[in-house]
Amino acid sequence: NAGVTQTPKFQVLKTGQSMTLQCAQDMNHEYMSWYRQDPGMGLRLIHYSVGAGITDQGEVPNGYNVSRSTTEDFPLRLLSAAPSQTSVYFCASSYSLDSYNEQFFGPGTRLTVL
Amino acid sequence: ILNVEQSPQSLHVQEGDSTNFTCSFPSSNFYALHWYRWETAKSPEALFVMTLNGDEKKKGRISATLNTKEGYSYLYIKGSQPEDSATYLCAFQGITNAGKSTFGDGTTLTVKP
Numbered sequence: 007n008a009g010v011t012q013t014p015k016f017q018v019l020k021t022g023q024s025m026t027l028q029c030a031q032d033m034n035h036e037y038m039s040w041y042r043q044d045p046g047m048g049l050r051l052i053h054y055s056v057g058a059g060i061t062d063q064g065e066v067p068n069g070y071n072v073s074r075s076t077t078e079d080f081p082l083r084l085l086s087a088a089p090s091q092t093s094v095y096f097c098a099s100s101y102s103l104d105s106y107n108e109q110f111f112g113p114g115t116r117l118t119v120l
Numbered sequence: 002i003l004n005v006e007q008s009p010q011s012l013h014v015q016e017g018d019s020t021n022f023t024c025s026f027p028s029s030n031f032y033a034l035h036w037y038r039w040e041t042a043k044s045p046e047a048l049f050v051m052t053l054n055g056d057e058k059k060k061g062r063i064s065a066t067l068n069t070k071e072g073y074s075y076l077y078i079k080g081s082q083p084e085d086s087a088t089y090l091c092a093f094q095g096i097t098n099a100g101k102s103t104f105g106d107g108t109t110l111t112v113k114p
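Heads up: the sequence lines are chains A and B, in that order. Under our numbering, the residues of the first sequence are numbered 7 to 120, in order. Under our numbering, the residues of the second sequence are numbered 2 to 114, in order.
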């Protein structure tokens, strides 16, 4: 199993550009989520999904869109990048929401918005 | 927004020292408390999931306890080694909105040889 994969690993955008961060998992996990990690802070939840076709907002959803058309993939879209979105983004998945399952994290995408 | 606090923010110890740090969370609405270990340039990895008041979990030299009535969990490392150097995160899940894990800011441990 590859686990949780994220692409790209690094990205530089100009203000106003849009892009999609890709996340995929091959563990047949129902639950997937996106976090951002800023210096001196922990992980903050952007959006999450409890299954294909179902998404919900986390703590800091503004400026980001998600969709979950398949169990495996959970892309994160930045509609119009802003410098405040410079961060490291982590995708995570877990087996389900109903039991006390650990989350498995991808390697992260380091995004810089100029 | 839930308040999940970890203390101290950072800790420097000598090899062989034992250490502990704290995660505080809301005592009401408790569902689960997770501990993760996050090494530099890697991704967070799960250490423990704790669900019942009084839970104690152990993995090698690392152990954790849980008090849901007062809203805290302790993580202990016995005989710290340089390879224990990492950031330790806790994550709180409430019964309502269990999909929204709230992470603390972490405790960064540095173990000097």
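We put the CB at the ideal spot given by N, CA and C, even for glycine. Predicted model only: the values in this text are computed from it and were never measured.
Where Y89(B) is concerned, the enclosing beta strand (DSSP E) starts and stops at A87 to G95. In this structure, K101(B) and L85(A) do not form a Cβ contact; the two beta carbons are roughly 22 Å apart against a cut-off of 8 Å.
Assignment of beta-bridge partners to T23(B) by DSSP yields S8(B) and Y75(B).
Listed in chain order, the non-local C-beta contacts of T66(B) below 6 Å within the same chain comprise E57 and Y75, local neighbours out to five positions each way being set aside.
In the three-state scheme derived from DSSP, where H, G and I count as helix and E and B as strand, Q109(A) is classed as coil. When DSSP states are grouped into helix, strand and coil, Q82(B) belongs to the coil group. Taking 7 Å as the CB threshold, M47(A) lines the interface with chain B. For chain A, the residues of the segment 49-68 of chain B that bring a beta carbon within less than 8 Å of one of its beta carbons are V50 and T52, in chain order. In the DSSP assignment, T26(A) falls within the beta strand (DSSP E) that extends over M25 to Q31.
Straight across, the Cα-Cα distance linking Q82(B) with T111(B) is about 9 Å. Rounded to whole angstroms, T115(A) and R83(A) show a C-alpha spacing of 13 Å. The Cβ neighbour count for P114(B), taken over all protein chains shown within 10 Å, is under 16; the residue is labelled exposed.
For S100(A), the uninterrupted beta strand (DSSP E) segment begins and ends at S93 to S100. Contact check for G22(A) and A98(A): beta-carbon distance about 29 Å, past the 8 Å limit, so the pair fails to qualify.
In this structure, DSSP gives S90(A) a helical state, which the three-state scheme calls helix. For S39(A), the three-state secondary structure derived from DSSP is strand.
Short of 6 Å from the beta carbon of L49(A), and not among the five residues preceding or following it, lie these beta carbons of its own chain, in chain order: Y41 and Q43. For V56(A), at least one C-beta of chain B is nearer than 7 Å to its own C-beta. Between P113(A) and S25(B), the C-beta gap is not smaller than 7 Å, which leaves the two residues out of contact. T92(A) places its beta carbon 7 Å or farther from that of V18(A).
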